[in-house]
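Trainee:
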Amino acid sequence: MSDPAAVAEALALADCGEVAADAGRRAQYSADASNYRQVPLAVVFPRSREQVINAVAVCRRLGVPVTSRGAGTSTSGQAVGPGVVLDLSRHCHRVLGVDPAARTATVEPGVVLDDLQATVAGHGLLFGPDPSTHSRCTLGGMIGNNACGSHSVAWGRTVDNVVELEVLTYRGTVLTVGEMTRAEIDAAVAADDERGRLIGALDRLAQGNLEVLRTGLGRFPRQVSGYGLEHLLPERRFNLARALVGSEGTCAVILSATVRLVTPPPARALVVLGFADSCAAADAVPDLLRHPLLALEGLDHALTDIVTRPATRQTIDTLPEARAWLFAELGGEAGDLPAAADALTRTAEQADGFTGAETVTDPGRARQLWRIREDGAGLATRLPDGSEAWPGWEDAAVPPERLGSYLRGFTGLLDRHGLHGAVYGHFGEGCLHVRIDFDFTTEQGTAVFRAFLTEAAELVAEHGGSLSGEHGDGQARSELLPLMYPPAVMGLFERFKDVWDPDNGLNPGMIVRPLPLDGNLRVDPHRTPLPLATVFPFHGDGGDFAKATRRCVGVGKCRTTEQRGDVMCPSYRVTRDEKDSTRGRARLLYEMTQGEVITDGWRSTEVRDALDLCLSCKGCSTDCPVGVDVATYKSEFLHHHYRRRLRPASHYSMGWLPLLSRAAARAPRLVNAVTGSRLAPLLKRLGGIAAEREVPRFADETFLAWFRRRAPEGSGARGPAVLWTDSFNNHFSPEVLRAGVRVLEHAGYRVQVPDGTQCCGLTWITTGQLGVARRIGRRTIRALGPAVEAGAPVVGLEPSCTAALRTDLPELLDDDPMARAVAGATVTLAELLTRDAPDWQPPQVAAHSISQTHCHQHATAGFDADSALLHRMGVDNTVLPSGCCGLAGNFGFERGHYEVSVAAGEQVLLPAVRSAPADTVVLADGFSCRTQIGQRSERTGTHLAELIAAGLPAEAAGPSGDAGSARAPAARTP
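Going left to right, the sequence shown walks through residues 50 to 1023 as my numbering numbers them.
Right under this line is the structure:
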């Protein structure tokens, strides 16, 4: 059956969980983290094992294939399929039990690895395999691919840590498998039921081919390609659970798994070893492995050269001088680690090409260094020149003693084909990762892809290696397995598959009877994208919107739910729905550009609905390893979607807020009385505002009115500084701008404001009214231009507006060089005071504070300057790892967004604010952040400028009668 609606109807009637067959869902699940694309008939989100069983039964009855999926981070194409996709990550993610004495845990297949680790950490245990995607990969996916990770040197692959599996066959048999004795095998066969017949067939397969299984499989740890039939050997206790590990969902659907846990060492040390190149690093591996290592990872300069994110770049610049590095991790008692690190370094010093070493025992720095390695798969998808790089030859492995030879051969192969790639990976086990600049947009480029993969497979076979070392074969390598295995082994693979799945209903085309490696390509030279003109220039993608959206290669970092100081992706963290992730939105937008599944281009309601819960926080622009910028994509889409059409009411009430605020400023008390009266519900309904939200009150006097009737103070010795008068603070919290004036004058600046009443255009940008935003932006640039040309800095106190001046306006006004000049002159208050006034002495404020970093500041400036300034002031500040506050400008005020907005704030920020001692200052520079805090707690947010101004010595009252005094923070110790 090939009718999505009919398949969905049958599934819905059979109690299979949530079922979706709309174009949006099918587009979101058409790709994983590979080069491949298969549009499913339907997607099912089962909530229980019973619903999984029901779904497979329906698919069997209809003759529809089933693809099991976890986080969708597979790089070989085995998490996409043409039938029904079972997303087991959404609901089937419980830890069913932990046995600390036996050191085991039983889990559902959709449990995220980090969630399992958090559960067992209280028992002093962990699950050994740890792929770089540990924050979102699922145990089911790890079992399907036989994932390994950085610490497999010490704790083995997933297969080495699986005790038992409960599985479901396509024909509906449920069985629990693990080790079996001869007596248990014979008893199962004697039962003559479906389970017994399956076990009997597998026993006969093993007994009749002992020599082949012993000599052709399991030769070295990372021999992951094909099926793990060596586990059927009697000396391996006929372990059917381990034989299924790495079968890529082609034999059975996992219902639950019992896994082995290990005890981590009490302390760790990271030894960073520098080398002249990656080949020299590879040559050093065999000698280094004589030391008791937890991990031995490799990193090439071609990967680190890609990094542009300032914080990561700063970490990279502190690495030992080299062109390649090995990250060697040691574990043990803290007192023993220095000697072990010295011994390891002495061994490295004997290697040719060794350049230097650093031993890292500080956990914070170690995490920063490991992050470079963990982000490798995303970073490597764009080469330093901006060209696209792709998986395909992602994780081949050879015995470690042959790694240097293989890497030289591989480098030569790249050169012969005119290809480039950044190499990194698990050097300690001979497993290399690489993304390569294949050109899938032309037939010639696709032919090169096929030729290269074929020759690379031959090279691996010559070195006694495996086409896959941890990511599975999938569509990328299954066709090439005959180059690695003789016909006898390939025949056994087919028999194994047929015993489990004689109907070929589970993930067909993987491992045996394979799909062609150059079929179903996500970027296809024969598919003509829609001609979509854009307002934003998308220079980083050659002006190609389709190319911009396919920056997302599916590594899924946006599906991380634990707050670690990153912002991406607040909506996914609340809903845990793929459609609300950065990846889901980017995939849908890409499918829109292709015009096959999403057929109505900019007018697509599926894309509009998927973008609805995007907060436009810009977190993905910096937290995504390849800089997917959904906030910009959303603005672009909304611009075209609503062009010459009636817009949602909120686009008028909040998109035009700066202009409406000017009118309100003429009678603020009257406006406040109306918005606080019984008419408020009607006004909110007409304005598209959430009924639960309080409408912020307008200030009795705007900042501009106050500023323009006061006399300047201070010496002005440092020259002029333009204070950007943003609409939010000007109309709602002018005390913030007044505090900014006082601080800047105390620091020696002569404060100026732009002529007239200016706006950065942010509210029009976020609501996709780009034509208006351009006109407003040009007016703003004309107003700021003379001061910028004269060398004055533009100081922004509202982070979202500062970010707009720095990033959005230069893109919108791409033809105006002055927009770039203004962007370069725009700074935050902390940046100005730490960078341009280092000799200024800030007041000493012996206070404790917690700070909420605005998401736009996180994306464009970071918090380092603020931290440095607070340190100079003597403030004991804790930066909350809270991500977005949830209000995010207009988002949290819009009808239909309130619950998600509040839920985002409740993850870290709001509980932290409520639990903070009464004398703790709550720092929040963003108007949205302060509003969320004020409306959802009993506390008040304080701007950095207010904290500084409140600590300055008292001055005589000026013309306004208040000397520009700032509102004192909630708590301050002078």
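C-beta atoms are modelled at their ideal positions from N, C-alpha and C, and glycine is treated no differently.
The structure presented is a predicted model; accordingly, all values stated were derived computationally and were not measured.
(1) Is G413 helix, strand or coil by DSSP?
(2) Which stretch, first to last residue, makes up the beta strand (DSSP E) that contains W773?
(3) Leaving out five residues on either side along the sequence, give the residues of the same chain with a beta carbon under 6 Å from the beta carbon of C663.
(4) Could you check which residue in V133, G73, S138, R110 has the C-alpha nearest to that of G605?
(5) Between which two residues does the alpha helix (DSSP H) holding F777 run?
(6) Hey, quick one: how far does the beta strand (DSSP E) through W374 stretch, first residue to last?
(7) Would you tell me roughly how many angstroms separate the C-alpha atoms of G470 and W442, rounded to the nearest one?
(8) Below 7 Å CB to CB, which residues in the same chain sit around L735 once its five sequence neighbours on both sides are set aside?
(9) Does the stretch 391-409 touch the stretch 349-365, meaning 3 or more C-beta pairs lie closer than 8 Å?
(10) How would you label G66, buried or exposed, when you count the other beta carbons within 10 angstroms and need 16 or more for buried?
(11) What separation, rounded to the nearest whole angstrom, lies between the Cα atoms of A1005 and R985?
(12) What separation, rounded to the nearest whole angstrom, lies between the Cα atoms of A57 and A72?
(13) Residues in the same chain with beta-carbon distance under 6 Å from P1023, minus the five sequence neighbours each way, listed in chain order, please.
(14) Taking 8 Å as the cut-off, decide whether the C-beta atoms of A331 and L217 are in contact.
(15) Between L579 and the ligand GDP, is the CB less than 7 Å from at least one heavy atom?
(16) Name the DSSP beta bridge partners of Q901, please?
(17) Does DSSP put R118 in a helix, a strand or coil?
(18) What runs of the alpha helix (DSSP H), each 4 residues or longer, lie entirely inside the stretch 841-896?
(19) On a Cα-Cα basis, can you pick out the residue from L570, A446, R599, D888 that is closest to E492?
(20) In this structure, what does DSSP give as the bridge partners for W439?
(21) If F16 sits next to N721, beta carbons under 8 Å apart, how far is it from one beta carbon to the other, in whole angstroms?
(22) Could you give the residue range of the alpha helix (DSSP H) that holds Y691?
(23) Assuming Q643 is part of the alpha helix (DSSP H), what are its boundary residues?
(24) Following the continuous alpha helix (DSSP H) through N926, name the residue where it begins and the one where it ends.
(25) Starting from the C-beta of A879, find all residues in its chain whose C-beta is less than 6 Å away, skip the five residues before and the five after it, and write them out in chain order.
(26) Under a three-way DSSP split, which group does T495 fall into?
(27) Within a Cβ cutoff of 6 Å, which residues of the same chain sit near R742, ignoring the five residues on either side of it in sequence?
(28) Between which two residues does the alpha helix (DSSP H) harbouring F752 extend?
(29) Within the same chain, show all residues whose beta-carbon is closer than 7 Å to that of C669, passing over the 5 residues directly before and after it, in chain order.
(30) Considering only their Cβ atoms, is the gap separating T980 from L936 smaller than 8 Å?
(31) Go ahead and pull the three-state DSSP assignment for F287.
(32) Below 6 Å CB to CB, which residues in the same chain sit around D775 once its five sequence neighbours on both sides are set aside?
(33) If you draw a straight line from the alpha carbon of R74 to that of P859, how long is it in whole angstroms?
(34) Measuring CB atoms only, is the stretch 448-457 touching the stretch 329-345, in the sense that at least three cross pairs come out at less than 8 Å?
(35) For L310 and A796, I'd like the C-alpha separation in whole angstroms.
(36) Identify every residue that forms a DSSP beta bridge with S515.
Mentor: In this structure, then:
(1) Translated into the one-based positions of the sequence shown, residue 413 becomes position 364. If DSSP states are grouped into helix, strand and coil, G413 belongs with the helices.
(2) In the sequence shown, counting from the first residue as 1, residue 773 sits at position 724. If you look at W773, you'll find it in the beta strand (DSSP E) that goes 768-773.
(3) Position 614 of the sequence shown, counting from 1, holds the residue named residue 663. Cβ neighbours of C663 beyond the five flanking positions: V679, K683.
(4) As a working note, residue 605 is residue 556 in the sequence shown. Nearest C-alpha to G605: S138.
(5) Numbered from its first residue, the sequence shown carries residue 777 at position 728. From DSSP, the alpha helix (DSSP H) with F777 extends over 776-780.
(6) For the purposes of this step, residue 374 is taken as residue 325 along the sequence shown, with counting starting at 1. W374 -> beta strand (DSSP E) spans 373-381.
(7) Reading the sequence shown from its first residue, position 421 is the one you call residue 470. Reading the sequence shown from its first residue, position 393 is the one you call residue 442. Going from the Cα of G470 to the Cα of W442 covers about 10 Å.
(8) Along the sequence shown, read from residue 1 onward, the residue named residue 735 stands at position 686. These residues qualify, in order along the chain: A698.
(9) no
(10) Stepping through the sequence shown from its first residue, residue 66 is reached at position 17. Buried.
(11) To locate residue 1005, count along the sequence shown from 1; it is residue 956. To locate residue 985, count along the sequence shown from 1; it is residue 936. The predicted model places A1005 with a pLDDT of 37, which falls under 50 and marks its position as unreliable; any figure quoted below should be read in that light. In this model, A1005 and R985 are separated by some 37 Å (Cα to Cα).
(12) The residue labelled residue 57 in the question sits at position 8 within the sequence shown. The residue labelled residue 72 in the question sits at position 23 within the sequence shown. So the two alpha carbons sit approximately 12 Å from each other.
(13) Residue 1023 sits at position 974 when you count from the first residue of the sequence shown. Note that P1023 scores 29 on pLDDT, short of 50, meaning its location in the model is unreliable; the coordinates nonetheless yield the value given after this. Within the same chain, P1023 has no close Cβ partners at all.
(14) In the sequence shown, the residue the question calls residue 331 occupies position 282. In the sequence shown, the residue the question calls residue 217 occupies position 168. No, the Cβ-Cβ distance between A331 and L217 is not below 8 Å.
(15) Looking for the ligand GDP in the displayed structure turns up nothing, as the structure carries no ligands at all.
(16) Position 852 of the sequence shown, counted from the first residue, corresponds to residue 901. Paired residue(s): A973.
(17) As a working mapping, residue 118 is identified with position 69 in the sequence shown. R118: strand per DSSP, three-state reduction.
(18) 848-852, 858-861, 866-874
(19) As a first step, residue 492 must be located in the sequence shown, where it is residue number 443. That would be L570, whose Cα lies nearest to the Cα of E492.
(20) Residue numbering aside, residue 439 sits at position 390 when the sequence shown is read from its first letter. I485, per the DSSP bridge assignment.
(21) No answer is possible for residue 16: the residues shown for the chain start at 50 and end at 1023.
(22) What you label residue 691 is simply residue 642 of the sequence shown in a count that begins at 1. Note, Y691: premise wrong, no alpha helix (DSSP H); not H, not E.
(23) For this step, residue 643 is matched to residue 594 along the sequence shown. Residues 631-643.
(24) Residue 926 sits at position 877 when you count from the first residue of the sequence shown. It is not in any alpha helix (DSSP H) - N926 instead sits in the beta strand (DSSP E) that spans 925-928.
(25) One-based indexing of the sequence shown puts residue 879 at position 830. Excluding residues within five positions, the ones whose Cβ falls inside 6 Å are A914, D915, L918.
(26) Locating residue 495 in the sequence shown gives position 446, where the first residue counts as 1. Correct three-state label for T495: helix.
(27) Taking the sequence shown and counting its residues from 1, one reaches residue 742 at position 693. Taken in chain order, the residues that qualify are F942.
(28) Stepping through the sequence shown from its first residue, residue 752 is reached at position 703. Its alpha helix (DSSP H) spans residues 752-756.
(29) Residue numbering aside, residue 669 sits at position 620 when the sequence shown is read from its first letter. C607, M617, C618, T631, V677, D678, V679, listed in sequence order.
(30) On the sequence shown, position 887 is the one that residue 936 refers to. On the sequence shown, position 931 is the one that residue 980 refers to. Cβ distance < 8 Å, so L936 and T980 count as in contact.
(31) As a first step, residue 287 must be located in the sequence shown, where it is residue number 238. Three-state result, F287: coil.
(32) Locating residue 775 in the sequence shown gives position 726, counting from the first residue. Closer than 6 Å at the Cβ level, and outside the excluded window around D775, lie E847, C850.
(33) Position 25 of the sequence shown holds residue 74. Position 810 of the sequence shown holds residue 859. Rounded to the nearest angstrom, the two C-alpha atoms are 35 Å apart.
(34) yes
(35) By one-based count along the sequence shown, residue 310 stands at place 261. By one-based count along the sequence shown, residue 796 stands at place 747. If you take the alpha carbons of L310 and A796, they lie about 58 Å apart.
(36) Indexing the sequence shown from 1 puts residue 515 at position 466. In the DSSP output, where bridge partners are listed per residue, S515 has A446.
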